[in-house]
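Data block below; observations after.
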Amino acid sequence: MALQIGGYELAEVLGTGSRTTVYLGKHRFVPGLQAAVKVLHPNLAKLDQVRDELRREAALLARLRHPHIVRVLDFIEDGELCALVVELIEGPSLRELLEDQSEVISVRRVLRIFRTLTEALAHAHGLGLSHGQLDPSVIVISERDEVKLLDFGSVRAGTGDIAAENRPYLVPERGSQDLTADPGDDIYSLARLGEALLLGREVRARQASPAALDEAGAPAGFIELLRVMAHQDPRQRIGSCGEVLAALDRLSGSSINRAPLELLDLGHCQVDLARGEVRSGAQRDSLTTN
């Protein structure tokens with residue numbers, strides 16, 4: 008018999024974390040209604056403190072009403088089971104895109120994704136809420152190329168529990184301290200995500216050089232913006248997402264809007280104008296002009 012919680016039948020596992028297992032939930036009474044159901048591990052569901060933390064996460068998410076932040080749909084306590092039901096987003100995470108070497112993220116797309124994330128964070132910060140754990144695994148790009156920010160409000164993990172690949176995205180001055188996140192943490196992480204998008208790979212502990220970002224095709228103004236957002240001295244960093252958006256607005260109409268079109272997707276093939284080649288599946292041919 009399939010596992011059930013509330014009105015949902017739990018199908019395949021979508022992911023597993025230190026606290027929850029995420030299932031594809033299919034509503035038993037509303038045909039076609041699906042959601043992501045984050046079920047607390049049984050040993051944790053027995054702890055009132057952990058249940059309270061998940062309940063607070065649900066209440067926090069309910070305050071966030073932004074098209075690029077995943078929506079909470081329900082909080083369910085069903086006997087020994089406890090779960091948070093959120094909007095189901097289908098598509099790869101940014102981490103999966105970075106691992107897919109055949110996926111080219113153009114500069115125009117980088118800038119659009121970056122601005123979208125900044126707007127989502129600005130909404131949350133305006134409500135006094137910070138993410139605190141921004142990394143490529145919590146950003147999903149849907150099949151329609153829509154950006155969604157996940158796991159907003161998840162209880163902040165102790166630094167000892169943070170995966171090695173996620174550490175470069177977190178503010179370095181925290182060290183081993185397990186402190187409450189603030190907007191400045193998100194701004195630093197956003198800058199590192201901008202680097203990863205431009206480079207097409209995960210970032211390292213040390214920031215990418217301006218020369219490396221320039222080689223990736225980034226406009227000079229955007230490179231400087233990332234540098235200031237992730238400045239080694241916290242006092243020198245940009246202080247709010249509003250300032251980041253204002254800086255992006257100042258750049259618009261200049262080098263950003265004049266960034267060259269690099270990739271044409273024609274359905275049956277892709278034309279890489281930067282590399283001068285045509286791609287169809289694994290096959291690549293040189294682009295020639297008459």
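All the letters of the sequence shown, read from the start, carry residue numbers 8 to 297 under this note's numbering. We put the CB at the ideal spot given by N, CA and C, even for glycine.
If you run the structure through DSSP and keep just helix, strand and coil, what is residue i?
i: F82; result: strand
i: L197; result: helix
i: E16; result: strand
i: T166; result: Its pLDDT being 48, under 50, T166 is placed unreliably by the model, and nothing is read from it.
i: H130; result: helix
i: S144; result: helix
i: G191; result: helix
i: V154; result: strand
i: L124; result: helix
i: Q11; result: strand
i: L299; result: The displayed coordinates of the chain run from 8 to 297. Any statement about residue 299 would go beyond what the structure contains.
i: I263; result: Any reading at I263 needs caution, since the residue's pLDDT is 46, under 50, leaving its predicted position unreliable; the model's value is listed next. Coil, per DSSP.
Residue i: buried (16+ other C-beta within 10 angstroms of its C-beta) or exposed?
i: E222; result: exposed
i: V20; result: exposed
i: G86; result: exposed
i: L68; result: buried
i: E64; result: buried
i: G133; result: exposed
i: S149; result: exposed
i: Q239; result: exposed
i: G39; result: exposed
i: V154; result: buried
i: G32; result: buried
i: D192; result: buried
Thinking C-beta only, is residue j closer than 8 Å to residue i?
i: T125; j: L205; result: no
i: A42; j: V93; result: yes
i: A9; j: V44; result: no
i: I76; j: A131; result: yes
i: R244; j: Y195; result: yes
i: E236; j: L200; result: Looking at the sequence shown, residue 236 is not Glu but Met. No, Cβ-Cβ distance for M236 and L200 is not below 8 Å.
i: D81; j: G22; result: no
i: L88; j: V117; result: no
Need the endpoints of the beta strand (DSSP E) that residue i sits in, please.
i: Q41; result: 41-47
i: G32; result: 27-34
i: A90; result: 88-93
i: L61; result: No beta strand (DSSP E) contains L61, which is instead part of the alpha helix (DSSP H) from 55-70.
In the DSSP assignment, find the unbroken alpha helix (DSSP H) run with residue i in it and report its ends.
i: V251; result: 248-258
i: L136; result: Element bounds for L136: n/a, residue is neither H nor E.
i: R102; result: 101-106
Can you list the alpha helix (DSSP H) stretches of 4 or more residues lying completely in the region 206-231, in chain order? With a minimum length of 4 residues, the continuous alpha helix (DSSP H) runs that stay inside the region 206-231 are 217-222.
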